[in-house]
Every structure is written in C-alpha cells, then in structure tokens.
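Written out below as structure tokens is the structure these notes cover.
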Amino acid sequence: MDWATLFMKMDASVDSITLFVVLLCFCIVIGHLLEKSRWMTESVTALFIGLCTGIFILVTTKGKTSHPFVFDEHLFFIYLLPPIIFNAGFQVKKKQFFQNFITISLLGAVGSLISFVIIWLGSTFLLKNLDIGFLEIKDYLALGAIFSATDTVCTLQVLNQDETPLLYSLVFGEGVVNDATSVVLFNAIQRFDLSHITSTVAMELFVNFFYLFLTSTVLGIVVGLLTAYIIKKLYLGGHSTDREVALMILMAYLSYMVAELFDLSSILTVFFCGIVMSHYTWHNVTEKSRITTKHGFATLSFISEIFIFLYVGMDALDIEKWKFVSKSPGKSIGVSSILLLLVLVGRAASVFPLCFLSNLTRKSQSDKIGFKQQITVWWAGLMRGAVSVALAYNWFTMSGHTQQAGNAIMITSTITVVLFTNVVCGLLTKPLVRFLLPQHKQSSNIMSSELSSEMSLVLPVLTNREDPKQDSMSESDRLTPNLRMLLTRPTRSVHYYWRMFDDSFMRPVFGGRGFVPHIPSPNQNSLHERLLPEQHTIVE
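Using my numbering, the letters of the sequence shown correspond one by one to residues 801 to 1340.
This is the structure in structure tokens:
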C-alpha cells in the first residue's frame, strides 16, 4: 500500500468521524426539543436521523453507498456495548434488581431459550416454503439465537427507572441475561457440531451455559472488589482525582476484555462489575470523583446508544444488499413477516407462562405481576436492535459485505425487523405504559411496596418512637397495629442477613457507605492544611 492510498483512507475516516460527531450533536439537540413528546424517544429520533442521512449520502454518491463506513460487529461488541452495560449495572437500583432476581433469571435465561426454540423450529418449517434454498440446520439455529435477543440498548430508552422501577428492573434485568444467553447460544452454534443434535450435545450446551454464567459473574465481582480494595488502601484521591477515575474506567473495561479473552460472557461480567463498583468502589473515592464517574459513565453510555441507532438507520438503505433483494422482493417481505411473527409468538410464549410461575412464588397479592404489567413487559421486550444486527452480520456476511442473494435477504430482513420493532414499538410504548399503568397509581404502589419491604427493619423504631397524635389513644390501641404488623410481616429476610454479612465482613475490607471516612478532594485537603495551624492556636 502506497502513501497516497493510506492518506486517502485516513481522510475518509476523518470525514466519517466528523459526520458522526455532527450527527450526534444534532441528535442531542433534537432529542432535547422532543423530550416532552408523548410518542418520540431518543432511539426513534436517532433512527430517523440515520435514515435521512442515509438517503442524503445515497443521493450525493449517486447510489453507491448510504453510510460512511462498513458495519463491523467487533466495533459494536468491543467499543460500544461495554459502556452501555457497565453504566446500566452502575446506575441500576440494586434492591429492586435483586428482589426480582428469580423472575429476571426466569425471563432472561429460560425465556430466551423458549424464544430460541420457537424461532428455530418456526423458521425451519416456514422459511422452507419460500424456496430460499441456501439455509442449513445451523443457519436456522443461528436465526433462533439472533432473534431471541431482547436488545438491552433499545429497552433502556423506553422505560424510565424512576417512573416504573419494577418494570424497569424486570425488562432491563431480563435484557442483560437475555443478551448473554443469546450470545452464548450463538457462540455454541459456531463451536459445536450441531448437524446431529443428541442428548449429549444438548447436555453439553446446558452445562456450558451455566459454567459461563457462573464464571462470568464471579469474574465481574472479583474485578469490582479488587478495584475497591486498591482505591481504599492506596488513597489515590489524596493526590489526584484523575487517577482514581481513570482506574475505575480501566478496570471496568479490563473486566470486559478479560471475559472476551477467555471466551466468557463479557456482558454479564461488566454488568456485575458495575454493580459491585457502585456498591463499594464509588464510596471510596472523593466527592469530585463520585460526581465525575456518575455523569461520565452515563455520558459514555448515552453517546454509544445514539451512535448505534444512527448507524442502524444508515445501514438500512445499504444499496449493496438491496440490489440482491430487488430481484426477489416477495421473498424478502415474506422472510421479514415470518421472523416478525415468530418474534411476537416467542415473546408471548415466554413472558406470560413464566410470569404465571413467578406469581406462584409470591405470597402477597400486591407483589404479584399483574396482567397489565405482563403486557407491558411483553411489549417492551419485542424490540430487536444492534445485538441482533451484529450477530446477523457475523453469520451472514464476510467483513460486512454480502456475496450471496440469500445472505442479503437475511441481512435486510433482520434490519427490517429491527426498524419495525424499534419504530412501531418505540412509538407506542410510552402511551401504552401510561394507559396501562397511570403514573399516580405506579407511585402509590411503589411507595407501598417499598414501605412493606422496609417495615421489618424499622419496626422496632416505630414501636419506641413517640407520636404526639397517639397521646389520646389507649395502650391497647397503640399496640394492636404493631402486633398485627409483627405477625403479618417477617422481621428477617434475605436482605437483612445480607446486610449483616456485608457490614460485618465485606465493607470493613472493601469499603462502602458508612465505612469510609470523608475523603476531601485534593484542593479541599490543601485548604484544610492551611486552616489547621489557625485551629491549633484557637484551641491552645
């Protein structure tokens, strides 16, 4: 390669980056202006801007291309996905997440397996009637893994963590476990010989999944605890807040890359690393570092999400793929319709039965997942996004290019399903949630559930606290409600024993809220040292 060609490629990359930076700024401004819209979300806005930009590029290049550079699934998995998943674990409300962990595991792991089987078997029988001709058994299995992934990126922008904490924890937690399950299944399909599926192969897949789930989770926890211990012992913030912030960022990314290095589930690893860092590490740093990390991680996640939706919108008009599809448009429409139908059926077959099983384990009627909430979970999880696109490109393209008509049909069908589910479901999810779950009812239910969960911890305080309104009440009247609460609400729970273990063994070693003294920033520390002699003279 000569220098002229190299500089031309560098100029092209600079032009592409400049274009995306301009589009990102444009998406932020438009998203702010449409923030109070009842229908539009930031993901839908980015998709529309990407589509319009793709049309403009297609016209200016006279039909040669619709996007500045070729889609690379490694770009998505290595650079864009880690900040999104880590920030989700870092910002998630841990109590809500772990209170619903059994339901999340059911919907995420078992639910994705149900969707995988339905999409695999359905595509095997239905797509054969379209006479596509090139698909083998591994291709149908790959389709099951590709379209069983409920994209976390799409789901996070639809539900709000503060407005609907229960639904957010269910849908988001399911999305994380779902993505991990889908990627594990996809890698297993590539790795194992599935031409003849036997009970032995199925058992190997089952054992491999739980091994990856366990080891990936442990790796994320270990890296998070190691970071907390280092920052607590070395007191990096005493010299520079930049060092502790940089260490948190690099250790979080290191957990993801180590998981990729050992072929583990990097999604689960970086997610649990984010949870551990928010529980221990974040309380060990200075106040300035806390503000910086909280907003810095959220900003990186936000930019990555917008970047992904922008590119998906541009790539929807890729002329190379649509040239193949234009020769047989009926097949492309048929494949897209069948895949969309299977996504709907697979989602319904996983959500409603598993929510019914989850409700059997919930004793209190108020803790059960209502039918309207199940509809919301089903609808919000219909969206397929960049994870499905990345897996489809990995399977049906070679370095982002398609050489066969059948592969082009599968790529365009995947993009069609992604666009349809994001635009239609994304536009209708906000009004659907407001219709099914009015905000004032959600708030009252959330407050009552949080009050009931905390009552066992504050009950002794309530019984001893003096209330002036109760002065006119008799002793028996005051004791009756307390006895009723004591009999109807448990005074010990899993959360209670975890807090005892955490306060006795974990926080004294790794730090955390209430176990780390106030750490001033370096400039505050110097100010304290300057004032210290004056304080001594006053004392003397």
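Beta carbons: idealized from backbone N, C-alpha and C, even for Gly. Because the structure is a prediction, the values reported are computed rather than measured.
Identity of the residue in Tyr-1296, Asn-1194, Thr-981 and Leu-1025 nearest Phe-1009 by Cα: As a working note, residue 1009 is residue 209 in the sequence shown. Of the listed residues, the one whose Cα sits closest to Phe-1009 is Thr-981.
Distance, Gly-854 Cα to Met-1077 Cα: On the sequence shown, residue 1077 is found 277 positions in, with the first residue counted as 1. On the sequence shown, residue 854 is found 54 positions in, with the first residue counted as 1. Each residue's Cα considered, the two are about 40 Å apart.
Residue from His-1095, Ala-1205 and Ile-918 with nearest C-alpha to Ser-1128: Walking along the sequence shown from the start, residue 1128 turns up at place 328. For Ser-1128, the nearest C-alpha among the options comes from Ala-1205.
Glu-974, enclosing alpha helix (DSSP H) - first and last residue: For this step, residue 974 is matched to residue 174 along the sequence shown. 965-991 is the extent of the alpha helix (DSSP H) around Glu-974.
Alpha-carbon to alpha-carbon, Thr-1221 and Tyr-1193: As a working mapping, residue 1193 is identified with position 393 in the sequence shown. As a working mapping, residue 1221 is identified with position 421 in the sequence shown. Answer to the nearest angstrom: the Cα atoms are 19 Å apart.
Minimum length 4: unbroken alpha helix (DSSP H) runs contained in the segment 851-914: Listed in chain order, they are 881-891, 894-899 and 901-905.
CA-to-CA distance, Phe-1097 to Gly-831, given in whole angstroms: Taking the first residue of the sequence shown as position 1, residue 831 is located at position 31. Taking the first residue of the sequence shown as position 1, residue 1097 is located at position 297. Looking at the two C-alpha atoms, the distance is approximately 19 Å.
Straight-line Cα distance separating Lys-1230 from Ile-1106: As a working note, residue 1106 is residue 306 in the sequence shown. As a working note, residue 1230 is residue 430 in the sequence shown. In a straight line, the C-alpha of Ile-1106 is about 19 Å away from that of Lys-1230.
7 Å CB neighbourhood of Ser-912 in its chain, flanking five on each side removed: Against the sequence shown, residue 912 aligns to sequence position 112. Within the same chain, Ser-912 has close Cβ partners Ser-948, Asn-978, Thr-981 and Ser-982.
CB of Val-892 within 8 Å of CB of Phe-972, strictly: Start at 1 with the first residue of the sequence shown, and residue 892 comes out as number 92. Start at 1 with the first residue of the sequence shown, and residue 972 comes out as number 172. It is a contact, given that the beta carbons lie within the stated cut-off.
Contact set for Glu-1275: own chain, Cβ-Cβ below 7 Å, skip 5 residues either direction: Mapped onto the sequence shown, residue 1275 falls at position 475. Bear in mind that a pLDDT of 44 at Glu-1275, under 50, signals an unreliable position, so the model cannot answer this.
Secondary structure, beta strand (DSSP E): runs of 3+ residues fully inside the segment 1051-1094: Complete beta strand (DSSP E) runs here, min 3: none at all.
Best match in Leu-1014, Ala-988 and Thr-1015 for proximity to Ala-1002 [C-alpha to C-alpha]: Position 202 of the sequence shown, counting from 1, holds the residue named residue 1002. Ranking Leu-1014, Ala-988 and Thr-1015 by Cα distance to Ala-1002 puts Ala-988 first.
7 Å Cβ shell around Asn-1122 - same chain, five flanking residues per side excluded: In the sequence shown, residue 1122 corresponds to position 322, counting from 1. Sequence check: residue 1122 is Trp here, not Asn. Once the five neighbours on either side are set aside, the close Cβ partners of Trp-1122 are Thr-1212.
Inter-residue spacing [alpha-carbon to alpha-carbon] between Leu-1287 and Leu-967: By 1-based counting over the sequence shown, the position of residue 1287 is 487. By 1-based counting over the sequence shown, the position of residue 967 is 167. Per-residue confidence for Leu-1287 stands at a pLDDT of 41, beneath the threshold of 50, marking its modelled position as unreliable; no derived number is given.
Endpoints, the alpha helix (DSSP H) within which Ile-1175 is located: Taking the first residue of the sequence shown as position 1, residue 1175 is located at position 375. 1171-1180 is the extent of the alpha helix (DSSP H) around Ile-1175.
Between the CA atoms of Leu-1191 and Asp-815 - distance to the nearest angstrom: Counting from one through the sequence shown, the residue named residue 815 turns up at place 15. Counting from one through the sequence shown, the residue named residue 1191 turns up at place 391. Spanning the two alpha carbons is a distance of roughly 27 Å.
Cutoff 6 Å; reference Ala-846; Cβ partners in own chain excluding five residues on either side: Your numbering for residue 846 matches position 46 in the sequence shown. The residues Cys-827, Ile-1106, Phe-1109 and Leu-1110, in chain order, have a CB closer than 6 Å to that of Ala-846 in the same chain once the five nearest residues on each side in sequence are set aside.
Span of the alpha helix (DSSP H), counted from its first residue to its last, around Gly-1146: As a working note, residue 1146 is residue 346 in the sequence shown. For Gly-1146, the enclosing alpha helix (DSSP H) covers residues 1129-1160.
Contact check, Phe-1072 vs Gly-889, beta carbons under 8 Å: Position 272 of the sequence shown, counting from 1, holds the residue named residue 1072. Position 89 of the sequence shown, counting from 1, holds the residue named residue 889. For the 8 Å CB-CB criterion, Phe-1072 and Gly-889 form a contact.
Unbroken alpha helix (DSSP H) run spanning Phe-947, endpoints: Counting from one through the sequence shown, the residue named residue 947 turns up at place 147. Element bounds for Phe-947: 937-947.
Collapsed DSSP secondary structure at Arg-1234 in the structure displayed: Along the sequence shown, one-based indexing puts residue 1234 at 434. If DSSP states are grouped into helix, strand and coil, Arg-1234 belongs with the helices.
Three-way DSSP call (helix, strand, coil) for Leu-1019 in this model: Against the sequence shown, residue 1019 aligns to sequence position 219. Correct three-state label for Leu-1019: helix.
Same chain only: Cβ atoms within 6 Å of Gly-1113, ignoring 5 sequence neighbours per side: Indexing the sequence shown from 1 puts residue 1113 at position 313. Once the five neighbours on either side are set aside, the close Cβ partners of Gly-1113 are Leu-847, Gly-850 and Leu-851.
Pairwise C-alpha distance: Leu-921 and Leu-1034: Numbered from its first residue, the sequence shown carries residue 1034 at position 234. Numbered from its first residue, the sequence shown carries residue 921 at position 121. If I take the Cα positions, the gap works out to 56 Å.
Burial state of Thr-1176 (16 or more Cβ within 10 Å): One-based indexing of the sequence shown puts residue 1176 at position 376. Thr-1176 is classed as buried because its beta carbon has at least 16 other beta carbons within 10 Å across all chains shown.
Alpha-carbon spacing of Ile-1119 relative to Val-1018, whole angstroms: Numbered from 1 along the sequence shown, position 319 holds the residue referred to as residue 1119. Numbered from 1 along the sequence shown, position 218 holds the residue referred to as residue 1018. Rounded to the nearest angstrom, the gap between the Cα atoms of Ile-1119 and Val-1018 is 45 Å.
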